[in-house]
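Keeping their order, the protein sequence lines are chains A and B. If you're matching positions, the first sequence starts at 26 in this note's numbering and goes up one per residue. If you're matching positions, the second sequence starts at 26 in this note's numbering and goes up one per residue. Idealized CB from N, CA, C, for every residue including glycine. Before any comments, here is the structure.
There are 2 protein chains.
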Amino acid sequence: MAWLARSFGRPDYAPLTGADLEILIGSAELISKYPGTHLFREGDPALAAFLVESGDVEIYRGTGSTRRVVSRVGSGSVLGDIAMFGDGPYISSAQAVDRVRVFRFDKDKLLPELAKHPAICLRWLVAGLRQLEATQRRVIHLMHKTVLSQVADLLGEEADAKGEVRLSQITIATLLGVSRQSVNEALGRLRKQGAVETGYRQIRVTDPDRLETIATS
Amino acid sequence: MAWLARSFGRPDYAPLTGADLEILIGSAELISKYPGTHLFREGDPALAAFLVESGDVEIYRGTGSTRRVVSRVGSGSVLGDIAMFGDGPYISSAQAVDRVRVFRFDKDKLLPELAKHPAICLRWLVAGLRQLEATQRRVIHLMHKTVLSQVADLLGEEADAKGEVRLSQITIATLLGVSRQSVNEALGRLRKQGAVETGYRQIRVTDPDRLETIATS
DNA sequence: GGAAGAACGTCGTCGTGGCGACGGTTGATT
DNA sequence: AATCAACCGTCGCCACGACGACGTTCTTCC
Numbered sequence: 026m027a028w029l030a031r032s033f034g035r036p037d038y039a040p041l042t043g044a045d046l047e048i049l050i051g052s053a054e055l056i057s058k059y060p061g062t063h064l065f066r067e068g069d070p071a072l073a074a075f076l077v078e079s080g081d082v083e084i085y086r087g088t089g090s091t092r093r094v095v096s097r098v099g100s101g102s103v104l105g106d107i108a109m110f111g112d113g114p115y116i117s118s119a120q121a122v123d124r125v126r127v128f129r130f131d132k133d134k135l136l137p138e139l140a141k142h143p144a145i146c147l148r149w150l151v152a153g154l155r156q157l158e159a160t161q162r163r164v165i166h167l168m169h170k171t172v173l174s175q176v177a178d179l180l181g182e183e184a185d186a187k188g189e190v191r192l193s194q195i196t197i198a199t200l201l202g203v204s205r206q207s208v209n210e211a212l213g214r215l216r217k218q219g220a221v222e223t224g225y226r227q228i229r230v231t232d233p234d235r236l237e238t239i240a241t242s
Numbered sequence: 026m027a028w029l030a031r032s033f034g035r036p037d038y039a040p041l042t043g044a045d046l047e048i049l050i051g052s053a054e055l056i057s058k059y060p061g062t063h064l065f066r067e068g069d070p071a072l073a074a075f076l077v078e079s080g081d082v083e084i085y086r087g088t089g090s091t092r093r094v095v096s097r098v099g100s101g102s103v104l105g106d107i108a109m110f111g112d113g114p115y116i117s118s119a120q121a122v123d124r125v126r127v128f129r130f131d132k133d134k135l136l137p138e139l140a141k142h143p144a145i146c147l148r149w150l151v152a153g154l155r156q157l158e159a160t161q162r163r164v165i166h167l168m169h170k171t172v173l174s175q176v177a178d179l180l181g182e183e184a185d186a187k188g189e190v191r192l193s194q195i196t197i198a199t200l201l202g203v204s205r206q207s208v209n210e211a212l213g214r215l216r217k218q219g220a221v222e223t224g225y226r227q228i229r230v231t232d233p234d235r236l237e238t239i240a241t242s
């Protein structure tokens, strides 16, 4: 379902610099959330945007059996701004996965402040539009590609410094919007080609270059 | 290729109101283009954004054999702002199809003006983010849907007041990123169900409600 | 009015990927 | 140590749609 996966979470979406933050600090509130608690829920009126200071936050859509994790974002990411600026309800839910500290920007405090500092407003605009363009471009890239290259692409982006990815095949399948079986088959091929090693809930990238080649098939 | 088709052209993307325009009129220039001339070309440095005043403009990507029309937009649409704000080159080309009048906003004149009027800046931001969200939502909707519902959806949106759509099957296929044969088959089924009548380079929607039902299958 | 080109209708073949099923393996819980 | 749930690996079947091919019909331009 969520091909856009990481586009939705927008982990690289950071419209605010340190200097901006200093200016805005007056209209923000640094709050702390325990694991499992919600920053906001899908459908709630969007009264605030959030900037993650530390910890990880899980973005998901739907509830119960239709619950789908869309992304997991960390420090520096901005959440909920689309809904807040757009005057609509939140379009996804955000839940803390561990101890999380976030800045909360209340809408009625933030908007006047933005009006006073057009430069920040402009930067936010630029970041938003850049994201729009990146999303379009990425979707075009991913779209009619084979599951194999999609998986390769995701592994390349999701791997940490040691080349490890700790995701179950089901999670990967959900993120890419394909079936678990297809992911399994793709991983099998990657393994046969020597690009990765697989284990329980864990994948190790052994040949990033080959992975990259396959991703751009 | 261009599943995003109309999202790219963003025909409903109108961040500027009449009042805004009056304020910005000083930094804009109303220019006129003959049919076939270009507003800008893919790859050119993005020094200006455009607001269509009258006439139609064709958006395409690629050149020569890879040229693909991505959208056709008319009065009220804004072009080139993503590239201009993002400091990159234009990501598509824009060509006048008939006599066209557009406002040209030069970057170095517009930016200072926006800094003076944060309200307009904010409105642009909101419009941009809204578009981002709409694109994501739309892609998710369209993506793994059957060709039948994609065609139905497109016809519903593209039909004019008389319910007519003047597009060849090849054009529709390109816009949706599917094969002509599949479009033909889908149209055949729609015809059999009495939702449309088909002719040479032309389709008449006879039952919009049924079309809508099929589109959201 | 005739020729060339574009668009339409239809067929068969083939690859990709979704889905259900089932057994084996790993990790967690007590 | 036993038990249970989650996860992995694999198989077969089936639907959707891409692609090539071919004949027909409609436009357009001499």
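Taking only the alpha-carbon atoms, compute the straight-line gap between Asp232 (chain B) and Ala177 (chain B) and give it to the nearest angstrom.
Looking at the two C-alpha atoms, the distance is approximately 11 Å.
Nearest-angstrom Cα separation, counted from Arg235 (chain B) out to Lys217 (chain B)
One C-alpha to the other measures close to 12 Å.
Give the single residue among A:Asp81, A:Val103 and A:Ile239 whose Cα lies nearest to the Cα of Gln156 (chain A).
Of the listed residues, the one whose Cα sits closest to Gln156 (chain A) is A:Val103.
Taking all protein chains shown into account, decide if Ser118 (chain B) is buried (16 or more other Cβ within 10 angstroms of its Cβ) or exposed.
Here Ser118 (chain B) is buried, its C-beta having at least 16 other C-beta atoms within 10 Å.
Could you tell me the distance, in whole angstroms, from the CA atom of Ile239 (chain A) to the CA atom of Ala220 (chain A)?
Distance between the alpha carbons of Ile239 (chain A) and Ala220 (chain A): 10 Å.
Does DSSP put Gly61 (chain B) in a helix, a strand or coil?
DSSP places Gly61 (chain B) outside both helix and strand once states are collapsed to three, so it counts as coil.
Quick check: the segment 139-156 of chain B against the segment 134-150 of chain A, are at least 3 beta-carbon pairs closer than 8 Å?
They touch, by the three-pair rule.
So the candidates are B:Gln120, B:Leu154, B:Ile116 and B:Ala108; which of them puts its Cα closest to the Cα of Lys132 (chain B)?
Taking each of B:Gln120, B:Leu154, B:Ile116 and B:Ala108 in turn and checking the Cα distance to Lys132 (chain B), the smallest one comes out for B:Ala108.
In terms of residues, what are the limits of the alpha helix (DSSP H) holding Ser207 (chain B)?
Per DSSP, Ser207 (chain B) belongs to the alpha helix (DSSP H) from Arg205 to Lys217.
With Ser118 (chain A) as the anchor, note down where its alpha helix (DSSP H) starts and where it stops.
It is not in any alpha helix (DSSP H) - Ser118 (chain A) instead sits in the beta strand (DSSP E) that spans Ser118 to Ala121.
Compare the C-beta of Arg66 (chain B) against all C-beta atoms of chain A and say whether one is closer than 8 Å.
Interface criterion not met: the Cβ of Arg66 (chain B) is under 8 Å from no Cβ in chain A.
Taking the alpha carbon of Phe110 (chain A) as the point to measure from, which residue in A:Val127, A:Gly153, A:Ser193 and A:Val172 has its own alpha carbon closest?
With distances taken between Cα atoms, Phe110 (chain A) lies closest to A:Gly153.
Cβ neighbours of Glu113 (chain A) in the same chain (closer than 8 Å, five flanking residues each side left out)
It should be noted that the sequence gives Gly, not Glu, for residue 113 (chain A). Closer than 8 Å at Cβ, skipping near neighbours: Ala71.
Expressed to the nearest angstrom, what Euclidean distance is found between the alpha-carbon atoms of Thr241 (chain A) and Ile195 (chain B)?
Their Cα atoms are separated by approximately 27 Å.
Do you know offhand how far Leu212 (chain A)'s Cα is from Glu237 (chain A)'s?
Whole-angstrom Cα-Cα distance: 14 Å.
Cα-Cα, which of B:Gly51, B:Val230 and B:Thr223 is closest to Leu180 (chain B)?
Closest in alpha carbon position to Leu180 (chain B), among B:Gly51, B:Val230 and B:Thr223, is B:Val230.
Near Leu64 (chain B), what residues of its chain come up, given a Cβ to Cβ distance below 6 Å and the 5 sequence neighbours on each side ignored?
Residues of the same chain with a CB within less than 6 Å of the CB of Leu64 (chain B), apart from the 5 flanking positions on each side, are Phe75 and Ala119 in chain order.
Beta-bridge partners of Val127 (chain A), as assigned by DSSP:
Answer is A:Ile56 and A:Val77.
From this set, B:Asp123, B:Val122, B:Val77 and B:Val125, which residue's C-alpha is nearest Gly105 (chain B)'s C-alpha?
Comparing alpha carbon positions, the residue from B:Asp123, B:Val122, B:Val77 and B:Val125 closest to Gly105 (chain B) is B:Val77.
Is Arg235 (chain B) helix, strand or coil by DSSP?
In the structure shown, Arg235 (chain B) sits in a helix (DSSP, three-state: H, G or I).
Could you spell out the range, first to last residue, of the alpha helix (DSSP H) harbouring Ile228 (chain A)?
For Ile228 (chain A), no alpha helix (DSSP H) segment is defined; the enclosing uninterrupted segment is the beta strand (DSSP E) at Gln227 to Val230.
Name the residue from A:Arg205, A:Lys187 and A:Thr199 whose alpha carbon lies nearest to the alpha carbon of Glu222 (chain A).
Checked all of A:Arg205, A:Lys187 and A:Thr199; the closest Cα to Glu222 (chain A) is A:Lys187.
Sheet register partners of Thr199 (chain A) (DSSP bridge):
In the DSSP assignment, no residue is bridged to Thr199 (chain A).
Quick one: which residues of the segment 133-152 of chain A get their C-beta closer than 8 Å to a C-beta of chain B? List them in chain order.
Flagged, chain order: Leu136, Leu139, Ala140, Lys141, His142, Pro143, Ala144, Cys146, Leu147, Trp149, Leu150 and Val151.
Please classify Arg155 (chain B): does DSSP put it in a helix, a strand, or coil?
In the structure shown, Arg155 (chain B) sits in a helix (DSSP, three-state: H, G or I).
Measure the C-alpha to C-alpha separation of Arg129 (chain B) and Arg86 (chain A) and round it to an integer number of angstroms.
Inter-residue distance for Arg129 (chain B) and Arg86 (chain A) is about 40 Å (C-alpha atoms, whole angstroms).
Burial state of Val190 (chain A), where buried means 16 or more other Cβ atoms lie within 10 Å:
Under this definition Val190 (chain A) is a buried residue.
In the DSSP output, which residue or residues are listed as bridge partners for Glu182 (chain A)?
The beta-bridge partner set that DSSP reports for Glu182 (chain A) is empty.
For Val203 (chain A), which residues from the same chain have a beta carbon less than 8 Å from its beta carbon, with the 5 sequence-adjacent residues on both sides left out?
Here the set comprises Val172 and Gln175.
Who pairs with Glu222 (chain A) in a beta bridge, going by DSSP?
Paired residue(s): A:Arg229.
Residues bridged to Pro137 (chain A) (per DSSP)
Answer is none; Pro137 (chain A) lacks a bridge partner.
Please report the residue range of the alpha helix (DSSP H) in which Asp106 (chain A) lies.
Per DSSP, the continuous alpha helix (DSSP H) segment holding Asp106 (chain A) begins and ends at Asp106 to Gly111.
List the residues of chain A whose Cβ lies closer than 7 Å to the Cβ of Arg155 (chain B), in chain order.
Identification of chain A residues near Arg155 (chain B) by a Cβ-Cβ cut-off of 7 Å yields Gly111, ordered along the chain.
For Glu158 (chain A), count neighbouring C-beta atoms within 10 Å of its own C-beta (all shown protein chains included) and say buried if the count is 16 or more, exposed if not.
With at least 16 other beta carbons inside 10 angstroms of its own, Glu158 (chain A) counts as buried.
Would you mind stating whether Ala121 (chain B) and Gly80 (chain B) have Cβ atoms separated by less than 8 Å?
Taking 8 Å as the Cβ cut-off, Ala121 (chain B) and Gly80 (chain B) qualify as a contacting pair.
Check whether the Cβ atoms of Glu138 (chain A) and Ser52 (chain A) lie closer than 8 Å to each other.
Glu138 (chain A) places its beta carbon less than 8 Å from that of Ser52 (chain A).
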